[in-house]
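**Q**
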Amino acid sequence: MLPKHSRLTKLSPFIDQYGLLRVGGRLSYAMLSDEEKQPVIIPHDHYIATLIIRYYHSQTVHQGRHITEGAIRAAGFWILGGKRLVSAIIHKCVVCRKLRGRFESQKMAELPKDRVNPEPPFTSVGVDVFGPWEVVTRRTRGGSADSKRWAVLFTCLSIRAVHIELIESMSASSFINALRRFFSVRGPAKLIRSDRGTNFVGACKELHICSNDAELLDYLQDKGCTWLFNTPHSSHMGGAWERLIGVARRILDAMLLQSKPTHLTHETLSTFMAEVMAIINSRPLVPISTDPDNPTVLTPAMLLTQKVDSLSAPCGDFSTTELHAKQWKQVQCLADTFWKRWRRDYLFTLQSRKKWAETGPNVKVGNVVLLKDIQESRNNWPMGIVTNTLPSKDGNVRKVEVKVTKQGTVKVYARPVSDVIVLL
Numbered sequence: 000m001l002p003k004h005s006r007l008t009k010l011s012p013f014i015d016q017y018g019l020l021r022v023g024g025r026l027s028y029a030m031l032s033d034e035e036k037q038p039v040i041i042p043h044d045h046y047i048a049t050l051i052i053r054y055y056h057s058q059t060v061h062q063g064r065h066i067t068e069g070a071i072r073a074a075g076f077w078i079l080g081g082k083r084l085v086s087a088i089i090h091k092c093v094v095c096r097k098l099r100g101r102f103e104s105q106k107m108a109e110l111p112k113d114r115v116n117p118e119p120p121f122t123s124v125g126v127d128v129f130g131p132w133e134v135v136t137r138r139t140r141g142g143s144a145d146s147k148r149w150a151v152l153f154t155c156l157s158i159r160a161v162h163i164e165l166i167e168s169m170s171a172s173s174f175i176n177a178l179r180r181f182f183s184v185r186g187p188a189k190l191i192r193s194d195r196g197t198n199f200v201g202a203c204k205e206l207h208i209c210s211n212d213a214e215l216l217d218y219l220q221d222k223g224c225t226w227l228f229n230t231p232h233s234s235h236m237g238g239a240w241e242r243l244i245g246v247a248r249r250i251l252d253a254m255l256l257q258s259k260p261t262h263l264t265h266e267t268l269s270t271f272m273a274e275v276m277a278i279i280n281s282r283p284l285v286p287i288s289t290d291p292d293n294p295t296v297l298t299p300a301m302l303l304t305q306k307v308d309s310l311s312a313p314c315g316d317f318s319t320t321e322l323h324a325k326q327w328k329q330v331q332c333l334a335d336t337f338w339k340r341w342r343r344d345y346l347f348t349l350q351s352r353k354k355w356a357e358t359g360p361n362v363k364v365g366n367v368v369l370l371k372d373i374q375e376s377r378n379n380w381p382m383g384i385v386t387n388t389l390p391s392k393d394g395n396v397r398k399v400e401v402k403v404t405k406q407g408t409v410k411v412y413a414r415p416v417s418d419v420i421v422l423l
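The sequence shown runs 0 to 423 under numbering that gives the first Met the number 0.
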């Protein structure tokens, strides 16, 4: 007799002539094979159950739990607690991870100090290039000669203002000229952040700016700038300027659609870029308040132009006599007003994490991983081994170095964890 609450009671088990425990059940008259009508009962914690699941999972070409379970049942095996065991084995299957495994993720990092501390505009900037656009460079007898133009977007990391410069080619020389123009207008920057574009790396070398040394080096002649590159293939780490590039594209597309230019010239494109820059810098940094005591909208243009709007004058704790007598106090008053509202209204909007709010397991040295390669299909992505982890200040690993062997050549790639899938 079986215990009353035994899991075998509902199966009406019996022992066959070979001493195997089989399911009795109610399908004796079904048009099925004997193995399907009366499968062998196997406990889930027996090693034989694991071997059977692995075998039939391989026979079904690494399909999901339902197909694997169906193949096991059709072969004449009834595994007690088989659903959980099948799911666990499929979860650990290396081939399944290569085919359908998820990329690693980690809790969103703390904001760097250049994003959360008051600084003069464009002291710390993020930079990226977008485009191109076709422009008319010269008229010919049969029509016109066209060439391409790109735009370099500089983003102030503290007040979120932008500055846009046009360049003629995606080369280090063109970018250096744009950087010189930017520094001439906005003043030298203390910190530049960018991705690892070839033009940025080349410009950094030609300007003698060391991206690995914490000490501030000179711009062209030892005067002032540290360049930090993001990890390759990690555009999400440059979200502060990637979002603004999307905004600039949408504004420019709308302007070009409205104007419908037959031939876009360099001068026209430069004018459009100036208007795009003005529109972006006049955007509200925080939700617009309905409070009548707080009518002004906090924008980057407030600090860049020292103007709230064309009518109202700067407000502050200075007397009216002093404000009219000393213009520098008007400037100081507006700057103080901006930074007070920046701390009170804008800074706290950066507090919450919109995504990646949970801490995930860290990738470890020695893990075998699948490395994402957008140039190849997933079946051809290379496998590698993690040789080094680069933990952040909070101890979470968001960057790793992976050693990959391709055609007999060993290479080490620095990648974000969002580009790797842990296999073993």
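Virtual Cβ for every residue (Gly too), placed ideally from N, Cα, C. As the structure is a computational prediction, the values presented were derived from the model and not from experiment.
For P390, write down the residues that DSSP places opposite it in a beta bridge.
**A** Position 391 of the sequence shown, counted from the start, is the residue given in the question as residue 390. For P390, which the question treats as bridged, DSSP gives the partners V396.
**Q** The alpha helix (DSSP H) that contains I47, what's its start and end?
**A** On the sequence shown, position 48 is the one that residue 47 refers to. Element bounds for I47: Y46 to Q58.
**Q** Going by DSSP, what residues sit across from G127 in a beta bridge?
**A** The sequence position of residue 127 within the sequence shown is 128, counting from 1. Going by the sequence as given, residue 127 is Asp instead of Gly. L152, per the DSSP bridge assignment.
**Q** Just to confirm the assignment, what range does the alpha helix (DSSP H) spanning I279 have?
**A** Taking the sequence shown and counting its residues from 1, the one referred to as residue 279 is at position 280. I279 -> alpha helix (DSSP H) spans H265 to N280.
**Q** Whose C-beta lies closer than 6 Å to the C-beta of K410 among residues of the same chain, with five residues either side of it excluded?
**A** Working through the sequence shown from its first residue, we reach residue 410 at position 411. Counting only Cβ-Cβ distances below 6 Å, and skipping sequence neighbours, we find V403.
**Q** Roughly how far, in whole angstroms, is the beta-carbon of V396 from the beta-carbon of Q105, given that I think they are within contact range, below 8 Å?
**A** For this step, residue 396 is matched to residue 397 along the sequence shown. For this step, residue 105 is matched to residue 106 along the sequence shown. The pair is a contact, with the Cβ atoms about 7 Å apart (cut-off 8 Å).
**Q** Taking just the CA atoms, how far does Q16 sit from I40?
**A** On the sequence shown, residue 40 is found 41 positions in, with the first residue counted as 1. On the sequence shown, residue 16 is found 17 positions in, with the first residue counted as 1. Using only the alpha carbons, I get a separation of about 15 Å.
**Q** Alpha helix (DSSP H) containing R179: first to last residue?
**A** Within the sequence shown, the letter at position 180 stands for residue 179. That run of the alpha helix (DSSP H) goes A171 to R185.
**Q** Counting only the same chain and skipping the five closest in sequence on each side, list residues whose C-beta sits under 7 Å from that of H323.
**A** Within the sequence shown, numbered from 1, the residue matching residue 323 stands at position 324. For H323, the pLDDT reaches just 42, beneath the cut-off of 50, and the residue's location in the model is therefore unreliable, although a value from the coordinates is still provided. Here the set comprises nothing.
**Q** Answer with buried or exposed for D145, where buried requires no fewer than 16 other C-beta atoms within 10 angstroms of its C-beta.
**A** As a first step, residue 145 must be located in the sequence shown, where it is residue number 146. D145 comes out exposed.
**Q** Note down the Cα distance separating L19 from Q374, rounded to an integer number of angstroms.
**A** One-based indexing of the sequence shown puts residue 19 at position 20. One-based indexing of the sequence shown puts residue 374 at position 375. Whole-angstrom Cα-Cα distance: 54 Å.
**Q** Between the Cα of K112 and the Cα atoms of C155, S376 and E34, which residue gives the shortest distance?
**A** Numbered from 1 along the sequence shown, position 113 holds the residue referred to as residue 112. Residue C155 is the option with its Cα nearest to K112.
**Q** Return yes when the Cβ of H56 is within less than 8 Å of the Cβ of E89, no when it is not.
**A** The residue given as residue 89 occupies position 90 in the sequence shown. The residue given as residue 56 occupies position 57 in the sequence shown. The sequence shown places Ile at residue 89, rather than the Glu named in the question. The answer is yes: Cβ separation under 8 Å.
**Q** What's the call for L152, buried or exposed, on a 16-neighbour Cβ count within 10 Å?
**A** Along the sequence shown, read from residue 1 onward, the residue named residue 152 stands at position 153. With 16 or more Cβ atoms within 10 Å of its Cβ, L152 is classed as buried.
**Q** Mind checking which residues open and close the beta strand (DSSP E) that includes V421?
**A** Counting from one through the sequence shown, the residue named residue 421 turns up at place 422. Unbroken beta strand (DSSP E) run through V421: V419 to V421.
**Q** Could you check which residue in E164, Y54 and M301 has the C-alpha nearest to that of S269?
**A** Residue 269 sits at position 270 when you count from the first residue of the sequence shown. Here the closest residue by C-alpha is E164.
**Q** Count the CB pairs spanning the stretch 381-393 and the stretch 352-366 that are closer than 8 Å, and state whether there are at least three.
**A** Result yes; three or more Cβ-Cβ pairs closer than 8 Å.
**Q** Would E68 be called buried (16 or more neighbouring beta carbons within 10 Å of its own) or exposed?
**A** On the sequence shown, residue 68 is found 69 positions in, with the first residue counted as 1. With 16 or more Cβ atoms within 10 Å of its Cβ, E68 is classed as buried.
**Q** Compare the beta carbon distance of A433 and E35 with 8 Å and say whether it is the shorter of the two.
**A** Shown here, the chain extends from 0 to 423; a query on residue 433 therefore has no answer.
**Q** Is the beta carbon of E109 closer than 8 Å to that of K405?
**A** Here residue 405 is taken as the residue at index 406 of the sequence shown, counted from 1. Here residue 109 is taken as the residue at index 110 of the sequence shown, counted from 1. Cβ atoms of K405 and E109: not closer than 8 Å.
**Q** In this structure, does DSSP put C224 in helix, strand or coil?
**A** For this step, residue 224 is matched to residue 225 along the sequence shown. If DSSP states are grouped into helix, strand and coil, C224 belongs with the strands.
**Q** If you run the structure through DSSP and keep just helix, strand and coil, what is T408?
**A** Walking along the sequence shown from the start, residue 408 turns up at place 409. T408: strand per DSSP, three-state reduction.
**Q** Can you give the beta carbon distance from P415 to K398, rounded, assuming they're within the 8 Å contact cut?
**A** Here residue 415 refers to the residue found at position 416 when the sequence shown is read from its first residue. Here residue 398 refers to the residue found at position 399 when the sequence shown is read from its first residue. That pair is a contact at about 6 Å.
**Q** From I250 to R96, what distance separates their C-alpha atoms?
**A** Stepping through the sequence shown from its first residue, residue 250 is reached at position 251. Stepping through the sequence shown from its first residue, residue 96 is reached at position 97. If I take the Cα positions, the gap works out to 42 Å.
**Q** Can the beta-carbon of L26 be found closer than 8 Å to that of I52?
**A** Mapped onto the sequence shown, residue 26 falls at position 27. Mapped onto the sequence shown, residue 52 falls at position 53. No. Outside cutoff.
**Q** Whose CA, out of E205, P12 and V367, lies closest to the CA of S172?
**A** As a working mapping, residue 172 is identified with position 173 in the sequence shown. Nearest option by C-alpha distance: E205.
**Q** Determine the direct distance from the alpha carbon of H61 to that of L297, and round the result to whole angstroms.
**A** The residue given as residue 297 occupies position 298 in the sequence shown. The residue given as residue 61 occupies position 62 in the sequence shown. Rounded to the nearest angstrom, the two C-alpha atoms are 56 Å apart.
**Q** Assuming contact is defined by CB atoms lying nearer than 8 Å, are W226 and C203 in contact in what I supplied?
**A** Within the sequence shown, residue 226 is the residue found at index 227, counting from 1. Within the sequence shown, residue 203 is the residue found at index 204, counting from 1. Yes; because the gap between Cβ atoms is below 8 Å, this pair is in contact.
**Q** Tell me the rounded alpha-carbon separation between A247 and S170.
**A** For this step, residue 247 is matched to residue 248 along the sequence shown. For this step, residue 170 is matched to residue 171 along the sequence shown. Near 22 Å, if we compare the C-alpha coordinates of S170 and A247.
**Q** Taking the CB atoms as reference points, tell me whether L263 and W132 lie closer together than 8 Å.
**A** Translated into positions along the sequence shown, residue 263 becomes position 264. Translated into positions along the sequence shown, residue 132 becomes position 133. Taking 8 Å as the Cβ cut-off, L263 and W132 qualify as a contacting pair.
**Q** What span of residues does the beta strand (DSSP E) with V367 cover, start to end?
**A** Working through the sequence shown from its first residue, we reach residue 367 at position 368. Run containing V367: V367 to L370, per the beta strand (DSSP E) assignment.
**Q** Taking the alpha-carbon of L7 as reference, which of E103, W77, T304 and L284 has the nearest alpha-carbon?
**A** Here residue 7 refers to the residue found at position 8 of the sequence shown. For L7, the nearest C-alpha among the options comes from W77.
**Q** By how many angstroms is the C-alpha of A253 removed from the C-alpha of E274?
**A** By one-based count along the sequence shown, residue 274 stands at place 275. By one-based count along the sequence shown, residue 253 stands at place 254. Cα to Cα, E274 sits roughly 12 Å from A253.
**Q** Helix, strand or coil, according to DSSP, for V440 in the structure here?
**A** Only positions 0 to 423 of the chain appear in this structure, which leaves residue 440 out of reach.
**Q** If the criterion is Cβ atoms closer than 8 Å, does the pair V401 and L422 meet it?
**A** Locating residue 401 in the sequence shown gives position 402, counting from the first residue. Locating residue 422 in the sequence shown gives position 423, counting from the first residue. Result no, Cβ atoms of V401 and L422 do not sit closer than 8 Å.
**Q** Between the Cα of K147 and the Cα atoms of S168, H162 and T197, which residue gives the shortest distance?
**A** Stepping through the sequence shown from its first residue, residue 147 is reached at position 148. Measuring from the Cα of K147, the nearest candidate turns out to be S168.
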